[in-house]
Amino acid sequence: MKDIESFHADIFKLFNNDWALLTAGSIDDYNAMTISWGQLGSLWGGPGKAKNIATVFVKPVRYTFNFMEKQDIFSISWFPKEFRKDLGILGSKSGRDGDKIAQTRLTPKQLAQGVGYEEASITLVCRKIYSEAFKKERIPQDAVAAFYTDEEPHHMYIGEVIDLLTRE
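Each residue of the sequence shown is one higher than the one before, starting from 3 at the first, in my numbering.
Given below as structure tokens:
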């Protein structure tokens with residue numbers, strides 16, 4: 003594991019502008035989905051002792067949701083810009099309908115824990131430490147109108163970052 007304390011990134015652009023690939027499951031049975039919402043930070047510890055965490059959000063209608071519910075480990079991977087089209091495929095197709103990874107140039111690989119990708123420039127491996135379903139009545143009404151008129155709200159998953167992999 004690289005020293006997480008030395009990891010530097012523009013966290014406001016990482017998810018929103020660069021997108022990421024959320025993957026849960028084992029190399030024999032996993033699913034991945036493109037995400038553009040997420041958070042990085044620290045939680046549950048005193049100064050200098052808090053857990054480094056990543057938070058992601060998944061709607062129950064997504065195929066990846068069942069993998070997130072069943073698994074304790076998930077990964078979040080970022081890729082060089084030339085893989086943007088591949089992330090678009092993974093964000094628009096469902097793993098329920100077949101092997102969508104085969105439609106991309108990505109190469110899945112077994113990590114010490116979880117699944118990653120040969121082409122990823124950054125991968126965070128996380129152990130799920132908390133999850134919770136968003137409640138419509140607590141979400142701002144403009145967000146409910148924009149995202150939750152036909153589907154149930156996202157579930158939030160907080161994972162402790164247990165490994166950081168970067169491509170040299």
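Where a beta carbon is used, it is the ideal one built from N, C-alpha and C, also for glycine.
Can you have a look at V60 and say buried or exposed, based on whether 16 or more other CB atoms are within 10 angstroms of its CB? buried
7 Å Cβ cutoff met for V183 and K138: Nothing can be reported for residue 183, as the shown portion of the chain is limited to 3 through 170.
Count the other CB atoms, across all protein chains shown, that sit within 10 Å of the CB of F14; report buried if there are 16 or more and exposed otherwise. exposed
Rounded distance between the beta-carbons of I124 and S79, thought under 8 Å: 7 Å
Endpoints, the beta strand (DSSP E) within which I124 is located: 124 to 135
Can you tell me whether V146 is helix, strand or coil according to DSSP? helix
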